[in-house]
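Residue numbering for the sequence shown follows numbering that gives the first Met the number 0, beginning at 0 and increasing consecutively. Read through the structure below, which is laid out as structure tokens, and then see the notes.
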Amino acid sequence: MSTVNVTDSSLEQVIQNNKLVLLDFWAPWCGPCRIIGPILEQLADELGSEVLVAKLNVDDNQLSAAKYRIQGIPTLKLFHNGKEVETFVGVQPLQTLKSAIKQYV
């Protein structure tokens, strides 16, 4: 399974309708965001049955970026049963993200 793009209008529904969501706040001009992109694709391929990996472009979806107080990108937030349970700022190794996800599976 690949990553899913979300918007201000679809974000809350995605978070509420999926048991586990890893949300990437990113922007196309962000160098570190381009670095973590392939890591998130690999994560979605390997753990897609356990977690939905979603991406939200902060330039196009400023309401959600403000709501979740995003101050730097990439920022990753892990939601379990609709509640935010983990936050990661900056590029994260694949294994770090896998370990965080496995706590909630």
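For every residue, glycine included, the Cβ atom is placed at its ideal position computed from N, Cα and C.
Residue i: which of the options sits nearest, CA to CA?
i: residue 36; options: 3, 103 and 101; result: 3
i: residue 74; options: 26, 5 and 99; result: 26
i: residue 92; options: 12, 62, 80 and 41; result: 41
i: residue 104; options: 80, 90 and 10; result: 80
i: residue 16; options: 97, 63, 60 and 50; result: 50
i: residue 98; options: 46, 89 and 7; result: 46
i: residue 89; options: 28, 10 and 72; result: 72
For residue i and residue j, I'd like the C-alpha separation in whole angstroms.
i: residue 33; j: residue 39; result: 10 Å
i: residue 48; j: residue 70; result: 30 Å
i: residue 30; j: residue 18; result: 30 Å
i: residue 105; j: residue 101; result: In the structure displayed, the chain extends from 0 to 104; residue 105 sits before or after that span and is not available.
i: residue 1; j: residue 43; result: 5 Å
i: residue 78; j: residue 14; result: 7 Å
i: residue 94; j: residue 20; result: 17 Å
i: residue 68; j: residue 6; result: 16 Å
i: residue 8; j: residue 76; result: 18 Å
i: residue 58; j: residue 65; result: 11 Å
i: residue 61; j: residue 28; result: 15 Å
Since I believe residue j is in contact with residue i (beta carbons under 8 Å), could you give me their beta-carbon distance rounded to a whole number of angstroms?
i: residue 63; j: residue 96; result: Going by Cβ atoms, the distance from residue 63 to residue 96 rounds to 20 Å, so no, they are not a contact pair.
Fill in: Contact between the segment 82-89 and the segment 47-57 (3+ Cβ pairs under 8 Å)
no
Fill in: alpha helix (DSSP H) runs wholly inside the segment 39-99, at least 4 long, in chain order
61-66
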